[in-house]
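**Student:** Shown below is the structure under consideration.
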Amino acid sequence: VVGKNLSSNINTNFFNWMYKQLDWDKDITYESVEINEDGLEDVLNSYDGVNITMPYKKIVEKYLRQKETNFPNVNCVKKGFEGLYGNNTDWVGFLMTLYNYNINFESLKFILFGDGCISKTIQRCLGNTAVVINRDRELLQKCIHDSKGQTVVINCTPLGTNDLIDKSPLIDSKVSKEHILMDTNYSPRRTRFLIDGKENGNRIINGTDMFIYQALGSIGVWQSPRPLKYLVKNIELDKMKLFIKELTNS
Numbered sequence: 114v115v116g117k118n119l120s121s122n123i124n125t126n127f128f129n130w131m132y133k134q135l136d137w138d139k140d141i142t143y144e145s146v147e148i149n150e151d152g153l154e155d156v157l158n159s160y161d162g163v164n165i166t167m168p169y170k171k172i173v174e175k176y177l178r179q180k181e182t183n184f185p186n187v188n189c190v191k192k193g194f195e196g197l198y199g200n201n202t203d204w205v206g207f208l209m210t211l212y213n214y215n216i217n218f219e220s221l222k223f224i225l226f227g228d229g230c231i232s233k234t235i236q237r238c239l240g241n242t243a244v245v246i247n248r249d250r251e252l253l254q255k256c257i258h259d260s261k262g263q264t265v266v267i268n269c270t271p272l273g274t275n276d277l278i279d280k281s282p283l284i285d286s287k288v289s290k291e292h293i294l295m296d297t298n299y300s301p302r303r304t305r306f307l308i309d310g311k312e313n314g315n316r317i318i319n320g321t322d323m324f325i326y327q328a329l330g331s332i333g334v335w336q337s338p339r340p341l342k343y344l345v346k347n348i349e350l351d352k353m354k355l356f357i358k359e360l361t362n363s
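Oh and the sequence shown: position 210 is 323 in my numbering, straight run, nothing missing.
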């Protein structure tokens, strides 16, 4: 994985653990590389496959021979015979999360807080029908209050993590109990946003499934043409969730 501020990133431990479960660990290793932009191209060409995290999900495109996705940013790069090929597996993570939690995105409304890379991927998944609030907490609160019918509210910002651990997109957590609160963050498992939602009686979903499935999607791009269900069957979803829980101490 390549990016900045990777101290809390669990990719290296999680991927190496998955390769061990698949009995591929003798041939494959996964590393974290924290770099500035001027070193990005050299690192990309030094590995067979690379996960891209912030702040390089958009910048990386200029180093690609081909972008093999219609999504607006790249989080997965594979080295081919003729250069680097970029893909997006965040969409797999998001749609599989909806599937696992029985959320029919065609019948529900969505409000996204934040307009960065992960938000733009989710927007595309939803056919650009979601309401997007770019970090204006007062406007978010008003939109939730005014929303008619069950709505999925998704935090696509770092609020609730690292130095922002006590922060939430919500000013007032007392929102309609029919709304579903979802966070794209997986560490901690329950951010302030989700803790308050749980106490309020809302259904809550964290970013663990999304993280797992985008990771499995990356393995599909790099090593295995087999479907996700093969990888999930051989590693077991609950086992992966437990390992992530141990990694994040939450």
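Every residue, glycine too, gets a C-beta built ideally from N, C-alpha and C.
Computed from a predicted model, the values in this text were never measured in an experiment.
Beta carbon of Ile224: closer than 8 angstroms to some heavy atom of the ligand PLP?
**Tutor:** The ligand PLP is not part of this structure, which contains no ligands at all.
**Student:** Where Lys342 and Ala328 are concerned, what is the direct C-alpha to C-alpha distance, given to the nearest angstrom?
**Tutor:** Counted from its first residue, the sequence shown places residue 342 at position 229. Counted from its first residue, the sequence shown places residue 328 at position 215. Roughly 13 angstroms between the two C-alpha positions.
**Student:** Flag this pair as yes or no: are the beta carbons of Ile257 and Ile224 separated by less than 9 angstroms?
**Tutor:** As a working note, residue 257 is residue 144 in the sequence shown. As a working note, residue 224 is residue 111 in the sequence shown. Cβ atoms of Ile257 and Ile224: closer than 9 angstroms.
**Student:** Measure the Cβ-Cβ separation of Trp137 and Gln263 and say whether it is below 9 angstroms.
**Tutor:** The count along the sequence shown starts at 1 and reaches residue 137 at position 24. The count along the sequence shown starts at 1 and reaches residue 263 at position 150. It is not a contact, given that the beta carbons lie outside the stated cut-off.
**Student:** Taking just the CA atoms, how far does Arg250 sit from Asn213?
**Tutor:** Here residue 213 corresponds to residue number 100 of the sequence shown, with the count starting at 1. Here residue 250 corresponds to residue number 137 of the sequence shown, with the count starting at 1. For Asn213 and Arg250, the distance between alpha carbons rounds to 29 angstroms.
**Student:** Work out the CA separation of Trp130 and Arg178 for me, nearest whole Å.
**Tutor:** Here residue 178 refers to the residue found at position 65 when the sequence shown is read from its first residue. Here residue 130 refers to the residue found at position 17 when the sequence shown is read from its first residue. The straight-line gap from Cα to Cα measures roughly 31 angstroms.
**Student:** So, at 6 angstroms on beta carbons, what are the nonlocal neighbours of Leu344 in its own chain, with the 5 sequence-adjacent residues on each side left out?
**Tutor:** Indexing the sequence shown from 1 puts residue 344 at position 231. Cβ neighbours of Leu344 beyond the five flanking positions: Leu329.
**Student:** What residue does the alpha helix (DSSP H) around Lys255 start on, and which one ends it?
**Tutor:** Position 142 of the sequence shown, counted from the start, is the residue given in the question as residue 255. Lys255 -> alpha helix (DSSP H) spans Arg250 to Asp259.
**Student:** If you run the structure through DSSP and keep just helix, strand and coil, what is Thr202?
**Tutor:** What you label residue 202 is simply residue 89 of the sequence shown in a count that begins at 1. Three-state DSSP puts Thr202 in coil, outside helix and strand.
**Student:** What are the start and end residues of the alpha helix (DSSP H) that includes Gly330?
**Tutor:** Position 217 of the sequence shown, counting from 1, holds the residue named residue 330. Per DSSP, Gly330 belongs to the alpha helix (DSSP H) from Thr321 to Trp335.
**Student:** Tell me whether the region 233 to 250 and the region 201 to 212 touch, counting them as touching only if at least three CB pairs, one residue from each stretch, are closer than 8 angstroms.
**Tutor:** Yes, the region 233 to 250 touches the region 201 to 212.
**Student:** Leaving out five residues on either side along the sequence, give the residues of the same chain with a beta carbon under 7 angstroms from the beta carbon of Gly369.
**Tutor:** Since the displayed the chain opens at 114 and closes at 363, residue 369 lies outside it and no answer follows.
**Student:** Write down every uninterrupted run of the beta strand (DSSP E) in the region 171 to 226 whose length is 3 residues or greater and which is fully enclosed by it, in chain order.
**Tutor:** For the region 171 to 226, whole beta strand (DSSP E) runs of length 3 or above, ordered along the chain, are 189 to 193, 196 to 200 and 222 to 226.
**Student:** Does the beta-carbon of Thr182 have 16 or more other beta-carbons within 10 angstroms, so that it is buried, or is it exposed?
**Tutor:** Locating residue 182 in the sequence shown gives position 69, counting from the first residue. Buried, since its Cβ has 16 or more Cβ neighbours within 10 Å.
**Student:** Run through DSSP, which three-state label would Leu157 get?
**Tutor:** Counting from 1 along the sequence shown, the entry for residue 157 is found at position 44. Three-state result, Leu157: helix.
**Student:** Using three-state DSSP, classify Thr361 as helix, strand or coil.
**Tutor:** Along the sequence shown, read from residue 1 onward, the residue named residue 361 stands at position 248. Correct three-state label for Thr361: helix.
**Student:** I need the straight-line Cα distance from Glu154 to Asn347, nearest angstrom please.
**Tutor:** Here residue 154 corresponds to residue number 41 of the sequence shown, with the count starting at 1. Here residue 347 corresponds to residue number 234 of the sequence shown, with the count starting at 1. The alpha-carbon atoms of Glu154 and Asn347 are separated by roughly 34 angstroms.
**Student:** Are the CB atoms of Cys189 and Asn215 nearer to each other than 9 angstroms?
**Tutor:** Mapped onto the sequence shown, residue 189 falls at position 76. Mapped onto the sequence shown, residue 215 falls at position 102. Not a contact, by the Cβ cut-off of 9 angstroms.
**Student:** Give, in chain order, every unbroken run of the beta strand (DSSP E) that is at least 3 residues long and sits entirely within the region 286 to 317.
**Tutor:** 293 to 296, all fully within the region 286 to 317.
**Student:** I'd like to check one pair, Val266 with Val288: are the Cβ atoms closer than 9 angstroms?
**Tutor:** As a position in the sequence shown, residue 288 is number 175, starting the count at 1. As a position in the sequence shown, residue 266 is number 153, starting the count at 1. Going by C-beta atoms, Val288 is nearer than 9 angstroms to Val266.
**Student:** Short check: CB of Phe356 to CB of Phe128, under 9 angstroms?
**Tutor:** On the sequence shown, position 243 is the one that residue 356 refers to. On the sequence shown, position 15 is the one that residue 128 refers to. No, the Cβ-Cβ distance between Phe356 and Phe128 is not below 9 angstroms.
**Student:** Taking the alpha carbon of Lys358 as the point to measure from, which residue in Asn241, Arg302 and Leu119 has its own alpha carbon closest?
**Tutor:** Within the sequence shown, the letter at position 245 stands for residue 358. Measuring from the Cα of Lys358, the nearest candidate turns out to be Arg302.
**Student:** Looking at the unbroken alpha helix (DSSP H) that takes in Ile267, where does it start and where does it end?
**Tutor:** As a position in the sequence shown, residue 267 is number 154, starting the count at 1. That residue, Ile267, is in no alpha helix (DSSP H); its beta strand (DSSP E) goes Thr264 to Asn268.
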